[in-house]
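Going by the numbering used here, the sequence shown opens with residue 2, and the numbers climb by one from there.
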Amino acid sequence: MSEQFIADAPPGQSAEPARKAGGFGNAAGKAAVTVSKTIGRYRWTICGLLFFSTTINYMDRQVLGLLKSTLMGDMGWTESDYGDIVAAFSLAYAFGYVGCGRLMDKVGIRIGLPAAVAGWSFFACIHALMGSVLGFKVARAGLGLTEGGNFPASIKAVSEWFPAKERALATGIFNAGSNVGAVVAPILVPILLALYGWQAAFLVTGGIGFFWVIAWLLIYRKPEEHPKLTAEELAYIRSDPVEPQENIPWIKLLTYRGTWANIAGTCFSAPVWWFYLNWVPGFLNKQYGVNLFGAMLPLIIIYTMADFGSIGGGWFSSHLIKRGVKPLRARKLTFLVCGLCVLPVFFASTVSNMWLAVLLIGIAASAHQGYSANVYTIVSDTMPRNAVGSVVGIGGFCAYFVGMFVSMGVGRLLDATNGNYQVLFGIASVLYLVGLAIMHLILPKTGSGKTPAGIEV
């Protein structure tokens, strides 16, 4: 798409008067306006809200992993007990992901997303009341069920608020919130643990989400209904080819290539990310003898690096598209670069220097985030807009159902090998390229026409 387009309303004018006056379809005689200067940037405010919900989402789920050594010591858990608690979250998250994806398509994200945030904030807080493996499984399952709504809703919001050429970047930016949450948690949790005990860590981090809910309800509206969105910006958001709108049954979604590509990409990447979140603090403690305060800086480094990967992965594919590369080819090239960057994590458990291990894990985490940002964007590239939430939900269900068994397997493998992480990092190093190979076989070939989203391939 050209960097210029024609719009009826003058810069700064609200979209609403233009709609009432007959819209902005008749551009005869109007001067071209430069996108970067005149269309407005309010869509990035929405992206900012999605960034903060994702930050809170990951901060809440990261608390358990950070407190692993403390809780295992206080409650006498084995690695298998801990793995089963993580598995309870994964199973519930799988059902929450697919159920919330469909819910977002039905009720919309203005109500659906804050309901999910309020739900997971409640369940994050009630961890503080639990004192057994069963109790933590219940709290963790509730957290997983409700946290499953964040990503389907966010991907749907991006598909509604951004044109195709900006979606990967917008996805990368809000997805970077997962790394910010993973950075904030290692700073906040040790302080709360030292001052008030582990219960306070769950209560304080869980309570933050309720403030976000208020902000979202005050700010968010659909693009066509938002009083702060200019006519020019709305025209830019809607500048892609118009898609036919229809209610697509779930069973029919399984006939789309985009659905299966999303399933493959998510199944071969998400369980690895969960391994990092839930076991890297324990790995640092086991391998290098660092406590929670000692792990603070290594974890901050790892997830700060991941932030750059999330934004960089989104930027890279968007940059390729702006230079004329077809969208699906640009996504695949990004997958390849990210997959190659993950390979060195194979050596993370074999190096004697902790900071070298941190560097290897940080590069892998960064590559994961760039990879996952584009996996999400594949959905909005290949599926009708009103099916995006459902397809992301189906992919998440499959990945986190697999993640349940992965979590249980990780715990039992560590018990059986006395905490040896080498096999785990070895498997993690190759899964991304396997996922790319499968997605390549599934996705439409370059030059084969248009996707159901109207994107030229």
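Ideal Cβ placement from N, Cα and C applies to all residues, glycine included. Quick caveat, the model's predicted, so the values are computed rather than measured.
Nearest to residue i by CA position, among the options, is which residue?
i	options	result
residue 259	379, 87, 305, 105	379
residue 271	185, 186, 333, 376	376
residue 268	60, 423, 404, 83	404
residue 278	40, 129, 87, 445	87
residue 228	41, 417, 416, 432	41
residue 203	436, 191, 213	191
residue 290	432, 354, 211	354
residue 356	288, 142, 323	288
residue 225	218, 219, 235	235
residue 255	391, 238, 134, 339	391
residue 253	388, 302, 49, 116	388
residue 230	434, 443, 43, 324	43
residue 46	364, 175, 100, 232	175
residue 173	248, 99, 51	51
residue 194	438, 65, 345	65
residue 223	416, 407, 108	108
Per DSSP, what are the beta-bridge partners of residue i in this structure?
i	result
residue 256	In DSSP, residue 256 forms no bridge with anything.
Is DSSP giving residue i helix, strand or coil here?
i	result
residue 147	helix
residue 378	helix
residue 501	The shown model of the chain, from 2 to 458, leaves out residue 501, and the question about it has no answer.
residue 206	helix
residue 231	strand
residue 469	Look at the range of the chain in this structure, 2 to 458, and you will see that residue 469 is not part of it.
residue 28	Legend: pLDDT at residue 28 = 38, less than 50; position of this residue unreliable, no value from coordinates given.
residue 79	coil
residue 292	coil
residue 68	coil
residue 408	helix
residue 440	helix
residue 120	helix
residue 240	coil
residue 400	helix
residue 220	helix
residue 35	Any answer about residue 35 is weak, because its pLDDT of 44 lies below 50 and its placement is not dependable; what the coordinates show is given next. Of the three classes helix, strand and coil, the one that applies to residue 35 here is strand, per DSSP.
residue 133	coil
residue 156	helix
residue 299	helix
residue 386	helix
residue 327	coil
residue 312	helix
residue 23	For residue 23, the predicted model reports a pLDDT of 41, less than 50, meaning its position is unreliable; a value from the coordinates is still stated below. In the structure shown, residue 23 sits in coil (DSSP, three-state: anything other than H, G, I, E or B).
residue 179	helix
residue 354	coil
residue 286	helix
residue 115	helix
residue 270	coil
residue 62	helix
residue 187	helix
Less than 8 angstroms between the CB atoms is what I'm expecting for residue i and residue j, so what's the real figure, rounded?
i	j	result
residue 154	residue 114	4 angstroms
residue 206	residue 125	6 angstroms
residue 95	residue 398	5 angstroms
residue 183	residue 59	5 angstroms
residue 413	residue 81	5 angstroms
residue 460	residue 99	With the chain running from 2 to 458 in the structure shown, residue 460 is simply not present.
Tell me whether the beta-carbon of residue i lies closer than 8 angstroms to the beta-carbon of residue j.
i	j	result
residue 280	residue 185	no
residue 440	residue 262	yes
residue 57	residue 209	yes
residue 160	residue 381	yes
residue 317	residue 430	no
residue 70	residue 293	yes
residue 167	residue 319	yes
residue 265	residue 149	no
residue 368	residue 315	no
residue 177	residue 308	yes
residue 162	residue 110	no
residue 276	residue 350	no
residue 393	residue 152	yes
residue 365	residue 343	yes
residue 409	residue 97	no
residue 249	residue 385	yes
residue 118	residue 273	no
residue 363	residue 428	no
residue 79	residue 121	no
residue 339	residue 295	no
residue 91	residue 422	no
residue 144	residue 75	no
residue 129	residue 200	yes
residue 282	residue 72	no
residue 257	residue 383	yes
residue 305	residue 180	yes
Quick one: does residue i have its CB under 8 angstroms from some CB of chain B?
i	result
residue 220	The displayed structure is made up of one protein chain only, and chain B is not part of it.
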